[in-house]
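One line per chain: the protein sequences are D and S, in this order. Per this note's numbering, the very first residue in the first sequence carries number 1; after that it's consecutive. Per this note's numbering, the very first residue in the second sequence carries number 1; after that it's consecutive. Idealized CB from N, CA, C, for every residue including glycine. These figures come from a predicted structure and were not determined experimentally. What follows is one structure encoded as structure tokens, with my remarks underneath.
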Amino acid sequence: MDEVKLFGFWPSPFSRRVIWALKLKGVNYEYIEEDIPYNKSDLLLQYNPVHKKIPVLVHGGKPIAESLVILEYIDEVWPHNPLLPKDAYERSVARFWAKFIDEKTRTLWEFFQKSGEEQEKAIKNNFEILRTIEEYGLGDKKFFGGDRIGVADLVFGMVIHMLVPLEEVVGVKFIKADTFPRLHAWMKNFSEQPTIKDNVPDHSKVVDFLKTIDFWIGP
Amino acid sequence: MAENDVKVLGSWPSPYVLRVRIALHLKSVNYEHIEENLLESKSELLLKSNPVFKKVPVLIHGDKLICESLIIVQYIDEVWLFAPSILPSDAYERANSRFLAAYVDDKLSPALRGALAAESEDAKKATIAQLEEGLVLLEEKFRKLSKGEAFFGGDNIGYLDIAIDSLLVWIQVVEKFSEKKLLNEAKTPCLLEWAYRFSSHAAVKDVLARG
Chain D
1 MDEVKLFGFW
11 PSPFSRRVIW
21 ALKLKGVNYE
31 YIEEDIPYNK
41 SDLLLQYNPV
51 HKKIPVLVHG
61 GKPIAESLVI
71 LEYIDEVWPH
81 NPLLPKDAYE
91 RSVARFWAKF
101 IDEKTRTLWE
111 FFQKSGEEQE
121 KAIKNNFEIL
131 RTIEEYGLGD
141 KKFFGGDRIG
151 VADLVFGMVI
161 HMLVPLEEVV
171 GVKFIKADTF
181 PRLHAWMKNF
191 SEQPTIKDNV
201 PDHSKVVDFL
211 KTIDFWIGP
Chain S
1 MAENDVKVLG
11 SWPSPYVLRV
21 RIALHLKSVN
31 YEHIEENLLE
41 SKSELLLKSN
51 PVFKKVPVLI
61 HGDKLICESL
71 IIVQYIDEVW
81 LFAPSILPSD
91 AYERANSRFL
101 AAYVDDKLSP
111 ALRGALAAES
121 EDAKKATIAQ
131 LEEGLVLLEE
141 KFRKLSKGEA
151 FFGGDNIGYL
161 DIAIDSLLVW
171 IQVVEKFSEK
181 KLLNEAKTPC
191 LLEWAYRFSS
201 HAAVKDVLAR
211 G
């Protein structure tokens with residue numbers, strides 16, 4: 001069987017979602033921790049010369065970059081415990097939300113980076129984004145994937161291990177039982193899933209990391 | 001509306017709408033093109049069909065609504081399973097195609113638009129340099145992926161060809177405004193030829209002819 005390697009960075013939501021996918025499918029892999037951003041390994045730069053970023057999955061020596069592309073690849077090569085539905089229409093909906101959440105969660109960071117009036121605007125924007133995700137994306141489902149975790153859940157998963165620490169540092173809370181009841185329930189369901197629970201970075205470690213970083217961890 | 005009616009909510013000459021129409025033509029799927037006039041206010045149908053982004057293209061298949069051009073192209077490939085296949089059959093090649101298509105949409109298209117909107121000569125030069133680098137990358141990828149055939153997808157146009165084509169429209173505009181040939185014999189000879197072949201392909205000509 002071809003060997004699998006994952007180049008990642010422990011607080012990054014982008015490599016975290018790939019870790020979850022591999023764990024959910026029980027795929028054995030070697031994890032390589034990259035020293036982002038100032039000391040990227042030669043191997044990483046060789047495997048992802050276009051973006052020079054993590055995550056990169058290397059399967060049998062062949063590199064795949066970009067987390068959403070990696071998730072689809074993983075789902076195709078290891079089809080058990082599927083992350084995408086079989087039906088073409090359901091798949092298109094899942095892909096739409098995975099992409100939407102991926103794009104929008106990048107701006108969720110902005111409230112952390114900004115201050116004053118700009119921060120207030122960013123906070124307001126976050127509420128709008130989460131409203132759209134809750135109403136149109138999740139709706140009344142348990143997970144974005146329906147009864148089971150799917151790609152969009154893995155992408156939205158950043159809220160449990162990144163948004164929560166960001167909120168703590170800034171002193172604002174977005175997803176509460178009264179503000180976003182369905183997303184709140186989703187957070188509980190998602191984080192209690194054993195594979196997710198066992199593979200989340202330590203909360204206080206992330207908080208400490210956020211308090212000290214001098215670089216932009218996003219894309 | 002018949003269960004299997006296919007409609008495309010589009011707007012001429014959106015390159016993203018073109019992607020969807022080319023894919024449908026490749027598969028010889030009959031569809032109705034509903035022209036959305038984006039200069040006027042958005043229609044009820046558009047707002048209802050794509051409440052999140054309120055943008056074209058939207059594929060309306062029976063009562064199903066599919067949004068986002070590349071997601072629609074994949075849907076078309078997965079529903080109309082007969083040849084020609086739009087995505088490669090090998091998982092790794094599929095990943096490669098998706099990666100490069102995302103690169104086009106996330107990096108090159110914005111750079112193209114940036115080149116047009118650049119306010120200073122320096123900013124313009126910087127985005128154009130970025131574009132040239134990107135096109136050289138695509139040139140290299142073409143040589144590798146086409147395996148000597150006419151298109152990125154091999155002997156027929158595929159997902160990546162369709163994705164990259166949307167770049168061509170913008171490139172032509174930037175070339176006019178910057179008086180610089182982004183696609184040229186010196187640095188991107190294969191892409192130059194590919195561009196010609198692509199626009200001469202029956203499926204593409206059909207769409208452009210229908211207007």
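query                                                                                                                                                                   : result
Quick check on Asn-4/S: buried or exposed, where buried means 16 or more other Cβ atoms within 10 Å of its Cβ?                                                          : exposed
Would you check if the distance between the CB atom of Phe-215/S and the CB atom of Val-69/D is smaller than 8 Å?                                                       : Outside the displayed range of chain S (1 to 211) lies residue 215/S, so it cannot be described from this structure.
Would you mind telling me which residues of chain D sit closer than 7 Å to Lys-64/S, beta carbon to beta carbon, in chain order?                                        : Tyr-89
Could you give the C-beta distance for Leu-163/D and Phe-174/D, rounded to a whole number, given that I count them as a contact under 8 Å?                              : 7 Å
Chain D beta carbons: is any one of them nearer than 8 Å to that of Pro-88/S?                                                                                           : no
Can you grab the Cα-Cα spacing for the pair Val-8/S / Phe-209/D, in whole Å?                                                                                            : 48 Å
Taking Pro-63/D as part of the beta strand (DSSP E), name the residues at either end of that continuous run.                                                            : 62-65
Of all Cβ atoms in chain D, is any one closer than 8 Å to the Cβ of Tyr-212/S?                                                                                          : No statement about residue 212/S is possible, as the shown extent of chain S runs from 1 to 211 and does not include it.
Determine the contact status of Lys-62/D and Tyr-92/S, defining contact as a CB-CB distance below 8 Å.                                                                  : yes
I'd like to know if Val-79/S contacts chain D, where contact means its C-beta is closer than 8 Å to some C-beta of that chain.                                          : yes
In its own chain, which residues sit with a C-beta less than 7 Å from the C-beta of Gly-45/D, not counting the 5 before and 5 after it?                                 : In the sequence under discussion, the amino acid at residue 45/D is Leu, which differs from the Gly named in the question. Cβ within range, chain order: Lys-52.
Less than 8 Å between the C-beta atoms of Leu-167/S and Glu-175/S, yes or no?                                                                                           : no
Could you tell me the boundaries of the alpha helix (DSSP H) in which Leu-81/S lies?                                                                                    : Here Leu-81/S belongs to no alpha helix (DSSP H), and DSSP marks it neither H nor E.
Measuring only the C-alpha atoms, how far is Ile-22/S from Glu-117/D?                                                                                                   : 46 Å
Look at the Cβ atom of Val-155/D, then the Cβ atom of Arg-16/D, and state whether they are nearer than 8 Å.                                                             : no
Under a three-way DSSP split, which group does Asp-42/D fall into?                                                                                                      : helix
Residues of chain D with CB closer than 8 Å to the CB of Ile-71/S, please, in chain order.                                                                              : Ser-92, Arg-95, Phe-96, Lys-99
Consult DSSP for Asp-155/S and reduce its assignment to one of helix, strand or coil.                                                                                   : coil
Measuring CA to CA, which of Val-169/S, Tyr-103/S, Glu-185/S, Asn-156/S is closest to Ala-203/S?                                                                        : Asn-156/S
Could you give the residue range of the alpha helix (DSSP H) that holds Tyr-16/S?                                                                                       : 15-26
Which residues in the same chain as Val-77/D place their Cβ atom closer than 8 Å to its Cβ, once the five residues preceding and following it in sequence are excluded? : His-59
Taking the alpha carbon of Ser-85/S as the point to measure from, which residue in Ala-111/S, Ser-11/S, Phe-177/S, Gly-153/S has its own alpha carbon closest?          : Gly-153/S
Counting only Cβ-Cβ distances shorter than 7 Å, please list the residues of the region 113-134 of chain D near chain S, keeping chain order.                            : Thr-132
For Ala-94/D, is the classification buried or exposed, using 16 other Cβ atoms within 10 angstroms of its Cβ as the cut-off for buried?                                 : buried
Beta-carbon of Glu-192/D versus every beta-carbon of chain S: anything under 8 Å?                                                                                       : no
Between Ile-19/D and chain S, is the shortest Cβ-Cβ distance under 8 Å, so that the two count as touching?                                                              : no
Can you tell which of Ile-34/S, Leu-45/S, Thr-127/S, Lys-141/S has its C-alpha closest to the C-alpha of Lys-107/S?                                                     : Thr-127/S
Pull up the DSSP beta-bridge partners for Asp-35/D, would you.                                                                                                          : Asn-39/D
Spatial neighbours of Ile-74/D within its chain, please: C-beta separation below 6 Å, excluding the five flanking residues on both sides.                               : Ala-21
Beta-carbon within less than 7 Å of Pro-82/D's beta-carbon, same chain only, minus the 5 sequence neighbours each way: which residues are those?                        : Asp-75
Nearest to Ile-36/D by alpha carbon, out of Val-27/D, Arg-106/D, Phe-9/D?                                                                                               : Phe-9/D
Specify the secondary structure class of Gln-130/S as computed by DSSP and reduced to three states.                                                                     : helix
For the beta strand (DSSP E) holding His-61/S, just list the boundary residues, first then last.                                                                        : 58-61
CB-CB under 6 Å to His-201/S, same chain, minus the five flanking residues each way: which ones, in chain order?                                                        : Ile-157
So, for Arg-143/S: in the same chain, excluding its five sequence neighbours on each side, which residues have a beta-carbon less than 8 Å away from its beta-carbon?   : Cys-190
What residues from chain D crowd round Pro-51/S, counting only those whose CB sits closer than 7 Å?                                                                     : Tyr-136
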